[in-house]
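**Student:** Quick one: structure below, then a few questions.
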Amino acid sequence: MTRDTAIFDIIRQERERQTRGIELIASENYVSDQVMEAMGSVLTNKYAEGYPGKRYYGGCEVVDESERLAQERLKQLYGAAWVNVQPHSGAQANMAVFMACLNAGDKFLGLNLSHGGHLSHGSPVNFSGIMFHALEYNVREEDGRVDYEQLEQVARAERPKLIIAGASAYSREWDYERIRRVADETGAIFMVDMAHPAGLIAAGLLKNPVRYAHIVTSTTHKTLRGPRGGVILMGEDFPNPWGKTTPKGEIKMMSQLLDSAVFPGTQGGPLEHVIAAKAVAFGEALQPEYIDYQKQVQKNAAAMAQALVDKGYKIISGGTDNHCMLVDLRTKFPDLTGKLAEKALVAADITSNKNMVPFDSRSAFQTSGLRFGTPAITTRGLKEDMMPWIVELIDKVLSDPENEQNILAVRKEVNAEMVKYPLYAW
Ligand code: DSN
717 MTRDTAIFDI IRQERERQTR GIELIASENY VSDQVMEAMG SVLTNKYAEG YPGKRYYGGC
777 EVVDESERLA QERLKQLYGA AWVNVQPHSG AQANMAVFMA CLNAGDKFLG LNLSHGGHLS
837 HGSPVNFSGI MFHALEYNVR EEDGRVDYEQ LEQVARAERP KLIIAGASAY SREWDYERIR
897 RVADETGAIF MVDMAHPAGL IAAGLLKNPV RYAHIVTSTT HKTLRGPRGG VILMGEDFPN
957 PWGKTTPKGE IKMMSQLLDS AVFPGTQGGP LEHVIAAKAV AFGEALQPEY IDYQKQVQKN
1017 AAAMAQALVD KGYKIISGGT DNHCMLVDLR TKFPDLTGKL AEKALVAADI TSNKNMVPFD
1077 SRSAFQTSGL RFGTPAITTR GLKEDMMPWI VELIDKVLSD PENEQNILAV RKEVNAEMVK
1137 YPLYAW
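For the sequence shown, the working numbering begins at 717 and goes up steadily by one.
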């Protein structure tokens, strides 16, 4: 077969882009060679609809072993009693929870997308907001922290069936105990989407939501540093609170509802090559050196946030407890949009994403914010003493975002430094 030079040339270009620049997208990371090896393996050839030991295809005995290993390692990592490793993504994991817990039109409560929430927690353009009745809570304007009082008020007044904690752009620890209390009081199921801080939680550096929530979902590719994908976990299984029964009249357990909601409810054949890569990543996360990595992610984020504050930038909530931070550009550069800031930084080989800030005066296409995160640069080997240097470069670009000479000078400096932090041996 002729080699597909068109696509492999594009892959080479992307590898070069990743290698020469500073990656600050909070949801991205660089996986290990063995995670990539598992993803690019013969397991991609196998159909395995169903679950280990109960498949709809023959020849699944080998992939059964790797899926079981992924399940066992994930349980061990978070102290979970039950897991599902098949969701193709975090949004698919969330969709399965909605399928298991709600009927179309039911009320649920999640963090407002423009206050740091996620698309699949109730955005009107997502299945969650289209099929279900989304209610929202915000962060407080004065300190950028979750408004737990508002969350409680809405839960008591509206009695949603599901309450969701978790965010895409929120740099603080959560008060899971408080949300669980109001969920118990109002009869709601409490779900945490831990996709962003999952790696820090696995390392024991943030509270483990599996201890507080009924159901936890996650992606596997952010701080956790696995392949692109999703998972669902529970600390203990429980009978579904609405008495849904099996055809034989038995009350279903939540694990049965969730398994059925993933397959056949919302997905077909599982991606067994990705599940094997998830198993590899979970195995890596169980090693002692993984804790050192996550501690460094946190240290780097704290140092970057401080350096930004020192330069006059406003960080929503004033700092970070985790791997990310949301910068409100309006304080330092009132006329600079997140859109232009992102473009100028990309031209300097510094990658981040524009983001709405709470109470933003601009649209989601323009935005007044930038989101930064440290998982990828930490994998690359950068330590906290390098964070002021990165912030200096960011500031240089944002101070004159349409000056091509200025951007080129920053880009040269970035490229010269990043050569010292090789990513791939091949
Ligand atoms: N899009 C992801 C992020 O960047 O946070 C969340 O799914």
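Positions of the beta carbon are idealized from the N, C-alpha and C atoms, including for glycine.
1. Using only CA atoms, which one of A1063, G984 and A881 lies nearest to V926?
2. Can you give me the C-alpha to C-alpha distance between H831 and D975, rounded to a whole angstrom?
3. With V978 and Q869 assumed to form a contact (beta carbons below 8 Å), what rounded beta-carbon distance in angstroms separates them?
4. Using the beta-carbon count (16 or more within 10 Å), is T1036 buried or exposed?
5. For Y1029 versus T1047, is the C-beta distance shorter than 8 Å?
6. Taking Cβ to Cβ, would you say I1123 is nearer than 8 Å to A1057?
7. Can you find the residues in the same chain that come closer than 8 Å, C-beta to C-beta, to M910, ignoring five residues on each side of it along the sequence?
8. Kindly indicate which residue of E1108, P1138 and Y1137 has the alpha-carbon position closest to the one of V1126.
9. For M717, is the classification buried or exposed, using 16 other Cβ atoms within 10 angstroms of its Cβ as the cut-off for buried?
10. What residue range is occupied by the uninterrupted beta strand (DSSP E) comprising W798?
11. Identify whether R771 lies in helix, strand or coil by the three-state DSSP scheme.
12. State the DSSP-derived secondary structure class of N828, mapped to helix, strand or coil.
13. If you measure from each CB to the nearest heavy atom of ligand 1 and keep those under 6 Å, what residues do you get, in chain order?
14. Give me whichever residues DSSP pairs with M907 in a beta bridge.
15. Quick check on DSSP: helix, strand or coil for K1011?
16. Just the C-alpha distance for G984 and I723, rounded to the nearest angstrom, thanks.
17. Among K1027, A929, Q1012 and M1134, whose alpha-carbon lies nearest the alpha-carbon of P1104?
18. Given 8 Å as the limit, is there contact between the region 1108-1120 and the region 758-765, that is, 3 or more CB pairs closer than that?
19. Since G981 and A812 should fall inside the 8 Å C-beta cutoff, what is the C-beta to C-beta distance between them, to a whole number of angstroms?
20. Can the beta-carbon of I1106 be found closer than 8 Å to that of M1020?
21. Terminal residues of the continuous alpha helix (DSSP H) containing H834?
22. Does the region 1062-1082 come within contact of the region 983-998, defined as at least 3 CB pairs closer than 8 Å?
23. Distance check for F843 and T1095, CA to CA, integer angstroms please.
24. By the three-class DSSP mapping on this structure, what secondary structure does T699 have?
25. How is N1122 classed by DSSP in three states: helix, strand or coil?
26. Per DSSP, which one or two residues make a beta bridge with N850?
27. Could you round the C-beta distance between M1134 and R736 to whole angstroms and report it? I think they count as a contact, below 8 Å.
28. What does DSSP give as the partner residue(s) for T961 in the beta ladder?
29. Does DSSP classify I1093 as helix, strand or coil?
30. Within 10 angstroms of its Cβ, does D1008 collect 16 or more other Cβ (buried), or is it exposed?
31. Could you tell me which residues DSSP puts in a beta bridge with M950?
32. For R1087 and M755, what's the separation of their Cα atoms in angstroms?
33. Report all residues from its chain with a CB closer than 7 Å to the CB of L818; omit the five preceding and five following residues, and keep chain order.
34. Using only the alpha-carbon positions, how far apart do A820 and I846 sit?
**Tutor:** Well, looking at it:
1. A881
2. 31 Å
3. Not a contact, Cβ separation roughly 33 Å.
4. buried
5. yes
6. no
7. G882, I917, P925, V932, T933 and S934
8. E1108
9. exposed
10. W798 to N800
11. strand
12. coil
13. S743, G806, H834 and S884
14. I880 and I931
15. helix
16. 27 Å
17. K1027
18. no
19. 6 Å
20. yes
21. Note, H834: premise wrong, no alpha helix (DSSP H); not H, not E.
22. no
23. 34 Å
24. Only positions 717 to 1142 of the chain appear in the structure, and residue 699 is not among them; the question remains open.
25. helix
26. Correcting the residue identity first, residue 850 is Ala in this sequence and not Asn. Paired residues: F824.
27. 6 Å
28. I967
29. helix
30. exposed
31. W798
32. 29 Å
33. F824, F848, K877 and L878
34. 9 Å
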